[in-house]
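Trainee:
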Amino acid sequence: MSQRKRVAHAGSQNRVPRVSRQVVLDEDDDGDASYTQPTSSQVQKARENYTPVQVDRKVAEVVQFILIKDQKKIPIRRTDIVKHVIKEYKALYQDIMKRADRIFEQVFGLKLVEIDAKNHIYILINKLQPVPGEPISMCPGNPKTGLLFVILSVIFMKGGTVKENVVWNTLKKLRVDVGEKHEEFGDVKKVVTEEFVRQKYLEYLRIPHTEPLEHEFRWGQRAEKEVSKMKVLEFVGELHSQEPQSWTQQYREATSGESSQR
Amino acid sequence: MSESRRRVSRGSQEESAAHTNGVGGRSRSERAADTGDEDEGAGPSGIHEEDDDPARRREIRSQYRDLINSVQQNREDMLNPANNKLIDVLEEANKLFANVRQAREAALDAQLLVLATDLGREKASQLHAEGSSFDPSAFAEHLLSFMGLNRLEEEEDDQEGLDGYLPPDAWQKLSKRAEHCFKTAPSFHYLLGSFLAEPPPPRQRVERQRKAPSKEAKRMMPTQLKKMEESHQEATEKEVERILGCLRSYYADDPESPISYYEFVVDPASFSRTVENIFHTSFLIRVSFVFVYLCPSPASPVEDGEIEPSGNATRHQCVISISPSTWKEIIEAFEIKQALIPTVQMLTQEG
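Chains A and B, in that order, give the protein sequences.
Quick note: the first sequence uses the numbering used here, first residue -13, plus one each step.
Quick note: the second sequence uses the numbering used here, first residue 10, plus one each step.
#1: Counting only Cβ pairs nearer than 9 Å, list the residues of chain B close to Asp56(A).
#2: Quick one: does His201(A) have its CB under 8 Å from some CB of chain B?
#3: Please go through the same chain and pick out, in chain order, the residues whose beta-carbon is closer than 6 Å to the beta-carbon of Ala32(A), but skip the five residues on each side of it.
#4: Could you check the C-alpha separation between Glu212(A) and Leu133(A) for me, to the nearest Å?
#5: If you reduce the DSSP assignment to three classes, tell me which class Leu160(A) lands in.
#6: Taking Ala240(A) as the reference, which of Lys217(A), Gln228(A), Gly223(A) and Glu229(A) has the closest Cα?
#7: Can you grab the Cα-Cα spacing for the pair Phe197(B) / Ile82(A), in whole Å?
#8: If we count Cβ pairs, one from each stretch, closer than 8 Å, do we get three or more for the region 188 to 197 of chain B versus the region 199 to 214 of chain A?
#9: Taking the beta carbon of Thr290(B) as the centre, do at least 16 other beta carbons fall within 10 Å, making it buried, or is it exposed?
#10: For Asp56(A), which of Lys44(A), Pro230(A) and Tyr108(A) has the nearest alpha-carbon?
#11: Strictly under 8 Å for the Cβ-Cβ distance: is Leu175(B) near chain A by that measure?
#12: For the pair the region 144 to 159 of chain B and the region 150 to 162 of chain A, tell me if three or more CB-CB distances fall below 8 Å.
#13: In whole angstroms, what separates the C-alpha of Val183(A) from that of Lys144(A)?
#14: Using a 10 Å radius around the Cβ and a threshold of 16 neighbouring Cβ atoms, would you call Gln81(B) buried or exposed?
#15: Considering just the uninterrupted stretch of the beta strand (DSSP E) at Phe203(A), what are its terminal residues?
#16: Taking the alpha-carbon positions, what's the Lys(-9)(A) to Lys186(A) distance?
#17: Would you mind stating whether Val148(A) and Val140(A) have Cβ atoms separated by less than 8 Å?
#18: Taking C-alpha atoms, which residue in Ala244(B), Val328(B), Leu201(B) and Asp86(B) lies nearest to Glu131(B)?
#19: Excluding five sequence neighbours on each side, which residues of the same chain lie with their C-beta closer than 8 Å to the C-beta of Phe155(B)?
#20: Buried or exposed, going by whether 16 or more other CB atoms sit within 10 Å of the CB of Gln207(A)?
#21: Run down chain A in chain order and give the residues with a C-beta less than 8 Å from the C-beta of Phe155(B).
#22: Should Ala102(B) be flagged as near chain A, meaning a C-beta pair shorter than 8 Å?
#23: Ile62(A) and Ile72(A) look like a contact to me (Cβ under 8 Å); what is the Cβ gap, rounded to whole Å?
#24: Just reading off the beta strand (DSSP E) that Lys97(A) is part of, what are its end residues?
#25: Looking at the C-beta of Phe148(B), does it have a partner C-beta in chain A at a distance below 8 Å?
#26: Could you tell me the distance, in whole angstroms, from the CA atom of Leu293(B) to the CA atom of Phe343(B)?
#27: Quick one: Cα of Arg66(B) to Cα of Glu114(B), how far?
#28: Measure the C-alpha to C-alpha separation of Thr25(A) and Ser245(A) and round it to an integer number of angstroms.
#29: DSSP three-state call for Phe300(B): helix, strand or coil?
#30: Asn108(B) by DSSP, collapsed to three states: which one?
#31: For His106(A), which three-state DSSP category applies?
#32: Within 8 Å of any Cβ in chain B, is that where the Cβ of Glu212(A) sits?
#33: In chain B, which residues lie with their C-beta within 9 Å of the C-beta of Phe182(A)?
#34: Assuming the contact rule is C-beta atoms closer than 8 Å, Ala119(B) and Val98(B) should be a hit. Round their C-beta distance to whole Å, please.
#35: Run through the DSSP bridge pairs and tell me what Ile60(A) is partnered with.
#36: Using a cut-off of 7 Å between C-beta atoms, extract the partners of Met143(A) located in chain B.
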């Protein structure tokens, strides 16, 4: 309602030059208001309006947008894709995304996965299976991966939820003290509770009725899709010189996780 | 007065203990032991005078706090499935609660219950696990070994109880192994460079070609120059030697009479040859192979000198200048018909 008032003030249609104002308006809306499902007639009309070349270009722009957004491993919102890239081709959103999907799979070997069906948030994951003997990449390992692995594996082995103290104590034994600045990780608490949470690898939730305030950790939505519980269990087994099956509950969960991820 | 049986379950603690002023029995979700204490009915919910005794209430509160502390301090101990200490604590709490009349103490009771429940849950999970249990501390130890912890005692103990030190690539090593558990999409980066394979080879060829000629050219240059220099030197030396040879041969024929200088050097056919002869002869004079002396002659306007080979005479310097017109006059004056110093061509023709 306030939208219309402002648009009236602007005194013109929502054309491209007014995009900046439109952006401001959209930020007021929460959720997915900038994108609503178009009707089939709208879609048909849009298909006629734009040439295949134009649509090709849009698809390419979407692919590039997602690739760059993925650099920081922060999940991509559908609203952002629509707002910044697709814009006036909104009605063709489904077509464009379907083709972008295909390009990711066939050209890059990546999968565009929706991790939050309600808020329509996507991540890119690797479609290709790593070969066990070979290294994943030629790049030197990012130490944060190891840190994240430790936390994820503790959460998983402990049944899916742990109090934050369990994590901090485990890290302390690994000479990573949350209170001190770490050589490689810097402000560990910030990395774990902010960066990993923003990337949706972890969830850091308040436990109600705790005094002083305590939090618990769970696997984040990205981790559910990107991390293989079975592989985590296998590595944990290797470290303990035990068979993964010896942890029956976790093994059960890992096997069901494998089938759900495919 | 309500006898409330509260099921103690995970996370469902309410601080509504204030509402139940009465005594209630509790049952715990712990399977290991299930003792439900039922207290005998308590008095009405109204507060009696005796219930309001501050000293008694203080005592109850302090006992609760002791219980809470003991649970927090001895957490690990209580988790041990081998003992039933947790149950003892709960039984204590039950006894205390019998005397609780007001909200404040009941709140403490609730707090204790939250702690106990949490412990209970952990203990239960230990029992539920059909397989092995998971101990984060042991896990940490295994990780340290994997990361290559050097367990030698260090002199400096900055960390209490933590022996050894981690190598600098410890986390890298772990990360590399842990990567396999992730299906991370590689990050997009610009490839600084080009895949085009064609441009580079032609450049190389061009460079090589350019390099080759220049090298050869350079090599050519010195040799050419050398040759020229040699030829220059050789030419001069040879000429000088040749002229000396001529002179000697003439003197061999006629040892007594000197040769007129101008007759000797002048070539009637070529002015430039004449100049060259003068030039070459001057070398001989300089090194005192040839001796020129002046000889007065009434007939010629030009002072002439005569040439004799060698001799230790005092050195004089003399500058001879000649021009084409002078050259012609000399030819006429001396009636020079033929060059006494034969040219190289004449020699080759003759010989």
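Idealized CB from N, CA, C, for every residue including glycine.
The structure presented is a predicted model; accordingly, all values stated were derived computationally and were not measured.
Mentor: Let's see:
#1: In chain order: Ala194, Ser196 and Phe197.
#2: Not one chain B Cβ lies under 8 Å of His201(A).
#3: Ala77 and Leu78
#4: If you draw a straight line from the Cα of Glu212(A) to the Cα of Leu133(A), it is about 16 Å long.
#5: coil
#6: Lys217(A)
#7: 21 Å
#8: yes
#9: Its Cβ being crowded by 16 or more others within 10 Å, Thr290(B) is buried.
#10: Tyr108(A)
#11: Between Leu175(B) and chain A, the shortest Cβ-Cβ separation is below 8 Å.
#12: yes
#13: As the crow flies, the alpha-carbon of Val183(A) is around 19 Å from that of Lys144(A).
#14: exposed
#15: Glu200 to Trp205
#16: In this prediction, Lys(-9)(A) scores a pLDDT of 44, lower than 50, which makes its location untrustworthy; no coordinate-derived value is stated.
#17: Cβ atoms of Val148(A) and Val140(A): closer than 8 Å.
#18: Asp86(B)
#19: Lys182, Leu183 and Arg186
#20: buried
#21: Near Phe155(B) (Cβ distances below 8 Å), the residues of chain A are Leu225.
#22: no
#23: With a Cβ gap of about 13 Å, Ile62(A) and Ile72(A) do not count as contacting.
#24: Leu96 to Asp102
#25: yes
#26: 23 Å
#27: 7 Å
#28: 35 Å
#29: strand
#30: Asn108(B) carries a coil assignment under DSSP once its states are collapsed to helix, strand and coil.
#31: coil
#32: Yes, Glu212(A) counts as interfacial toward chain B.
#33: Within 9 Å Cβ-Cβ: nothing; Phe182(A) doesn't reach chain B, min ~13 Å.
#34: Contact doesn't hold; Cβ gap of about 14 Å is too wide.
#35: The partner list for Ile60(A) (beta bridge, DSSP) is empty, contrary to what the question assumes.
#36: Within chain B, the residues near Met143(A) are Phe143.
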